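Q: Chains as they are written, first to last, in this note's numbering: chain A, 1403 to 1971; chain B, -14 to 228.
Just so you know, even glycine gets a beta-carbon here, dropped at the ideal spot from N, CA and C.
These numbers come from a predicted model, not from an experiment.
Take this structure, written in structure tokens, and hold onto it; I'll ask about it next.
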Amino acid sequence: MAVAWTAANPATDPQGAWFEDITQKAGVAAKHTNRSFKNPYAQIMEGYTALGAAAAVADYDGDGFEDIYVTDSKAGGKNHLYHNNGDLTFTDVAEQAGVADGNDEANASADALWFDYNNDGRPDLFLVRFGRSQLFRNLGKGKFGEVTKQAGLDRYSNAITAIAFDYDRDGDADLFVGSYFQPVNIFDPDTPRFFPESFETANNGGGVTVFRNNGKGTFTDVSAKVGIKLSGWTLDLGHGDADNDGDEDLYVAADFGTDRFFVNNGDGTFADQTESAIGIDSKKGMNADWGDFDNDGRLDIYVTNITDDYMREGNFLWHNNGDLTFTDVARETGTHDTGWGWGGKFFDYDNDSWLDLYVVNGWVSAGKESYVPDIFTMVVRPGVDFADLRNWPPMGNKSLSGYQKKKLFHNERGQLFKEEATRHGLDSLRDGRGIAVADFDNDGRLDLFVSNANAEPFLYRNTLPTGAHWVEFLLEGTASNRGAIGAQLRLTAGNKTHFNFVNGGNGFAGQSTLRAHFGLGNSDTIDGVEVRWPSGRKQQFTKLAADNIYKLVEGNPRPALLPAKAGQK
Amino acid sequence: MRRTHLVFAALAWSASAILFNSWFPRAVQAEDAASVLPPLEAQLASDPDNLRSGSEYRRAVIRMGEYDRAIKFFEKLVADHPNAANAHLNYGFAYVDKVPVAGSITQVILANNALGEFAKSVALRPTWIGLYTRGNSYLYWPKIFGRASLGVADLEEAMKMQKADRKRRHHVRTYIALGDAHWKTDDLDKARAVWEEGLKQFPDHPQLKARLDKNGDDLQAVMDGVYDITKRIDTTLEELWAE
């Protein structure tokens, strides 16, 4: 039983919008609500915690359709596990699955990550929280059980992001957790001094924790041992093999200070090569996504910062120079200004074989009055102690970088990007946070789920007209970690070689599909695909037809078409 | 290495003036701060109100990246000579000079400090350069601060002064900046009137023509380029003594 879906949709206008907002009819419109606090600093804190709207994609039940886990943040607010019914509708099964209760008086959901920590073929769920994060083991049959303590992951950390990849290539996915605030109880703080000590060089944040997967269902904190000792205000983590040497390197996007770039030494340790790779910055890093935007066979990195009329930081589009150095080409490519940027994701929405970019933005969209003068008044006060939150002005109902239009950058053959969000109906003004890219209807066109702070999310169905070909690959490791995170695919079609990789959660507040998607343009045949598995094994696959979703298993020479959901065929 | 950029207040002087003059000390180009800066500081200490000496010193400082040293020096200079209007002006420029190498929020602090020194200079002695500098610096602040109207006031005063003077080459700057200030306060008619008057005084001036030739988004793009805070602001003041 197999399926071969095609991208047929003759009703779509080739010159019109190629995305349709199906949030309501898909049944995924539950609103996110920011956390409000009940402590003496509540009014101030609420201006700086408009976070926690996140979405993570995985096919948790193995039925061939991608599902979505979506977080809320208010106390008592339920998180959602949207099971994909296979017809672009979803059913929230979080309660029966046992993963709905992520928010209480002492914990607020901030992000979520699917990863198969025990290599049983079922994606498990790591719920990232301000407070204590949780690991839920996928028990199968739609049920999950919390295993945080048994796994050795029970700790207070004010985490805001997590990714998983096998940094030591021992065959299981390790866990990298980024934390924003230092590990103080922000719900009931015993000190007012836990805000950033500086806007540019703050080192009193939560840093990064590396949990090595011991392979027996447990993890060990090896942060110092592997050479990652950070105390910055981490907002996002992204991994990729920058130098194509077979192991995964790490980009740390930090608010209020310097982003960091760590090179994997290949011996289970990392080297901080920030200065030589990307230089020392003092911006507000929010997002770290990796992708080969110029099809040169090397992974580049997109980082959002703050760009507004009062703060002209500009984003980074780090072009990979191939020697573990990067050059920022954001300005030259037209991708530098996305307002107060949050999640930014590479994806090929028109299947033309060039990675496009979607970027969401906006901090707080509230009243007409601006918060900018308030914050500047504090900033210019001589000798002000920024770490003491009592010095920060309450935001009240004011706006700060609010009502910003999202950006969809179409890749013009790796040289420039053309902004197309309005044309495609993707220019919402809500305060966007995360982007989860996936092919929810298995039609070869990548759809978007966008999480918004204090607002309903968006599910945008991609309705690209028929024409451009595509192929998707779901990889399963055997010697490698089961999810094949870190696997690289080099696909040759029409005398061109295209490059993609399997990432373990890159992008702020959004985890996208584990499938490697390729737009093939006019090429309807695939000459071959080389897979470099995380174990180091290389495999060639030939005689593949376009417009299919294949499952590739490490060591198995025969690709399989992804099994169809019952009734779909 | 990356640069950080941000909001700041400054005097935009001619880009061509970035090039050093032939009289610029050779030692500066060898970037030997220990030998170059002390004599310039000594000269300024003995003549604190000398705008040109301050300019020469700051140019050396920029070459050597000794921004904090310069700020400290001027801090002491104005403490020792609180009534030296041009010392305050140079002090403000020293803050502006550091902006391109500062982080985004530090840039705000530097800009605000610069504005404070420009204001002290004007309060002590309201010269054309003082008013022009402060007025122009207001134009770099985001609209939300409403400072462009303060810029209009200063630049109108500077305009009065230059109209009472003989025509000098650098007076074109007031026509440009005052028009820009009107544009930034959403009074396009007044902006155009000032630019047109400037064009009569300074025919074919490219910056005035660039503004008058554009409308709408195109004019906005011109302004965004002019007040692009990612560019180093030239504070050499070279045109003042070029005539």
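Report yes or no: do three or more beta-carbon pairs, one from the segment 1466 to 1483 of chain A and one from the segment 1808 to 1828 of chain A, lie closer than 8 angstroms?
A: no
Q: Would you say A:A1452 and A:G1836 are within 8 angstroms of each other, going by their C-beta atoms?
A: For the purposes of this step, residue 1452 of chain A is taken as residue 50 along the first sequence, with counting starting at 1. For the purposes of this step, residue 1836 of chain A is taken as residue 434 along the first sequence, with counting starting at 1. Taking 8 angstroms as the cut-off, the beta carbon of A:A1452 is found no closer than this to the beta carbon of A:G1836.
Q: How many angstroms separate the CA atom of B:Y123 from the CA atom of B:A96?
A: If you number the second sequence from 1, residue 123 of chain B lands on position 138. If you number the second sequence from 1, residue 96 of chain B lands on position 111. Going by the C-alpha atoms only, they are around 10 angstroms apart.
Q: Tell me which residue opens and which closes the alpha helix (DSSP H) that B:R54 is part of.
A: Within the second sequence, residue 54 of chain B is the residue found at index 69, counting from 1. Here the alpha helix (DSSP H) through B:R54 covers Y52 to D65.
Q: Since A:F1567 contacts A:E1650 with CB under 8 angstroms, what's their CB separation in whole angstroms?
A: Position 165 of the first sequence holds residue 1567 of chain A. Position 248 of the first sequence holds residue 1650 of chain A. A:F1567 to A:E1650, Cβ: 5 angstroms. Contact.
Q: Is the beta carbon of B:K152 sitting closer than 8 angstroms to the one on B:Q192?
A: The residue given as residue 152 of chain B occupies position 167 in the second sequence. The residue given as residue 192 of chain B occupies position 207 in the second sequence. Contact flag unset, no.
Q: Mind checking the segment 59 to 92 of chain B against chain A and listing, in chain order, the residues whose C-beta falls within less than 7 angstroms of any C-beta there?
A: G88, S89, I90 and T91
Q: Are any of the Cβ atoms in chain B nearer than 8 angstroms to that of A:M1713?
A: Translated into the one-based positions of the first sequence, residue 1713 of chain A becomes position 311. At least one chain B Cβ lies under 8 angstroms of A:M1713.
Q: Alpha carbon to alpha carbon, what distance is there between B:V93 and A:F1778?
A: Taking the first residue of the first sequence as 1, we reach residue 1778 of chain A at position 376. Taking the first residue of the second sequence as 1, we reach residue 93 of chain B at position 108. If you take the alpha carbons of A:F1778 and B:V93, they lie about 8 angstroms apart.
Q: Quick check on the DSSP output: what are the complete alpha helix (DSSP H) runs of length 4 or more inside the segment 1458 to 1510 of chain A, in order along the chain?
A: Segments of the alpha helix (DSSP H) lying fully in the segment 1458 to 1510 of chain A: 1496 to 1499.
Q: Taking its Cβ as the centre, do 16 or more other Cβ atoms sit within 10 Å of A:F1617, making it buried, or is it exposed?
A: Looking up residue 1617 of chain A in the first sequence gives position 215. According to the sequence provided, residue 1617 of chain A is Gly. The question's Phe does not apply to it. Exposed: under 16 other Cβ atoms inside 10 Å.
Q: Residues in its own chain within less than 8 angstroms of A:D1415 by CB, not counting five upstream and five downstream?
A: Counting from one through the first sequence, the residue named residue 1415 of chain A turns up at place 13. Answer for A:D1415: P1867, listed in chain order.
Q: Checking contacts by CB at 8 angstroms: is B:F103 closer than that to chain A?
A: Position 118 of the second sequence holds residue 103 of chain B. For B:F103, the answer is no, since every Cβ of chain A falls outside 8 angstroms of its Cβ.
Q: Who are the near neighbours of A:G1957 in its chain, counting only those whose CB is closer than 6 angstroms to its CB and skipping five residues on each side?
A: In the first sequence, the residue the question calls residue 1957 of chain A occupies position 555. Same-chain partners within the cutoff: T1880.
Q: Is the CB-CB distance between A:A1690 and A:G1629 below 8 angstroms?
A: For this step, residue 1690 of chain A is matched to residue 288 along the first sequence. For this step, residue 1629 of chain A is matched to residue 227 along the first sequence. No.
Q: What does B:I129 touch in chain A if you count any residue whose Cβ is under 8 angstroms from its own?
A: Locating residue 129 of chain B in the second sequence gives position 144, where the first residue counts as 1. Here the neighbours are D1711, Y1712, S1772, V1774 and P1775.
Q: Which residues in chain B have a C-beta closer than 8 angstroms to the C-beta of A:F1601? List them in chain order.
A: Numbered from 1 along the first sequence, position 199 holds the residue referred to as residue 1601 of chain A. G88, S89, I90 and T91, listed in chain order.
Q: Which term fits A:T1493, buried or exposed, when burial requires 16 or more other beta carbons within 10 angstroms of its beta carbon?
A: As a first step, residue 1493 of chain A must be located in the first sequence, where it is residue number 91. Exposed, because fewer than 16 other Cβ atoms sit within 10 Å of the Cβ of A:T1493.
Q: Taking the alpha-carbon of A:A1855 as reference, which of A:T1435, A:Q1426 and A:R1524 has the nearest alpha-carbon?
A: In the first sequence, the residue the question calls residue 1855 of chain A occupies position 453. Here the closest residue by C-alpha is A:T1435.
Q: How many Å lie between A:D1790 and A:N1441 at the Cα?
A: Residue 1790 of chain A sits at position 388 when you count from the first residue of the first sequence. Residue 1441 of chain A sits at position 39 when you count from the first residue of the first sequence. If you take the alpha carbons of A:D1790 and A:N1441, they lie about 15 angstroms apart.
Q: Can you name the start and end residues of the alpha helix (DSSP H) that B:H73 belongs to?
A: Residue 73 of chain B sits at position 88 when you count from the first residue of the second sequence. Its alpha helix (DSSP H) spans residues A70 to K83.
Q: How about A:F2057 and A:P1525: are their beta carbons less than 8 angstroms apart?
A: Nothing about residue 2057 of chain A can be reported from this structure: the residues present for chain A run from 1403 to 1971 only.
Q: For the alpha helix (DSSP H) holding A:K1627, just list the boundary residues, first then last.
A: Within the first sequence, residue 1627 of chain A is the residue found at index 225, counting from 1. Taken as a continuous stretch (DSSP letters only), the alpha helix (DSSP H) holding A:K1627 covers S1625 to V1628.
Q: Buried or exposed for B:N200, going by 16 or more other Cβ atoms inside 10 Å?
A: Numbered from its first residue, the second sequence carries residue 200 of chain B at position 215. Exposed is the call here.
Q: Provide the residue(s) that pair with A:A1655 in DSSP beta bridges, ordered along the chain.
A: As a first step, residue 1655 of chain A must be located in the first sequence, where it is residue number 253. A:D1638, per the DSSP bridge assignment.
Q: So, does the segment 1531 to 1545 of chain A touch the segment 1926 to 1933 of chain A, judging by three or more C-beta pairs under 8 angstroms?
A: no
Q: Exposed or buried, what is B:E51 when buried is set at 16 or more other beta-carbons lying within 10 Å of its beta-carbon?
A: Within the second sequence, residue 51 of chain B is the residue found at index 66, counting from 1. With 16 or more Cβ atoms within 10 Å of its Cβ, B:E51 is classed as buried.
Q: Output, in chain order, the set of chain A residues within a Cβ distance shorter than 9 angstroms of B:T215.
A: Taking the first residue of the second sequence as position 1, residue 215 of chain B is located at position 230. R1714, G1716 and R1733, listed in chain order.
Q: Could you have a look at A:F1901 and say whether DSSP puts it in helix, strand or coil?
A: The count along the first sequence starts at 1 and reaches residue 1901 of chain A at position 499. In the three-state DSSP reduction, A:F1901 falls in the strand class (E or B).
Q: Report the three-state DSSP secondary structure of A:I1887 (helix, strand or coil).
A: Sequence index remark: in the first sequence, residue 1887 of chain A carries index 485 (1-based). In the structure shown, A:I1887 sits in coil (DSSP, three-state: anything other than H, G, I, E or B).
Q: If you draw a straight line from the C-alpha of B:D219 to the C-alpha of B:R44, how long is it?
A: Within the second sequence, numbered from 1, the residue matching residue 219 of chain B stands at position 234. Within the second sequence, numbered from 1, the residue matching residue 44 of chain B stands at position 59. If you draw a straight line from the Cα of B:D219 to the Cα of B:R44, it is about 10 angstroms long.
Q: Would you be able to state if there are at least three C-beta pairs under 8 angstroms between the segment 1761 to 1768 of chain A and the segment 1796 to 1808 of chain A?
A: yes
Q: Go through its chain and collect everything with a Cβ distance to B:N6's Cβ below 8 angstroms, but skip five positions before and after it.
A: For the purposes of this step, residue 6 of chain B is taken as residue 21 along the second sequence, with counting starting at 1. Confidence in B:N6 is poor, its pLDDT being 33 and thus under 50, which makes the residue's placement unreliable; the coordinate value appears in the next sentence. Here the set comprises E223.
Q: Roughly how many whole angstroms lie between the Cα atoms of A:P1795 and B:S38?
A: Locating residue 1795 of chain A in the first sequence gives position 393, where the first residue counts as 1. Locating residue 38 of chain B in the second sequence gives position 53, where the first residue counts as 1. About 42 angstroms.
Q: With DSSP collapsed to three states, give me the class of A:M1713.
A: Locating residue 1713 of chain A in the first sequence gives position 311, counting from the first residue. Residue state, collapsed to three classes: strand.
Q: Check whether the segment 1738 to 1745 of chain A touches the segment 1767 to 1782 of chain A, taking contact to mean three or more Cβ pairs, one atom from each stretch, closer than 8 angstroms.
A: No, the segment 1738 to 1745 of chain A does not touch the segment 1767 to 1782 of chain A.
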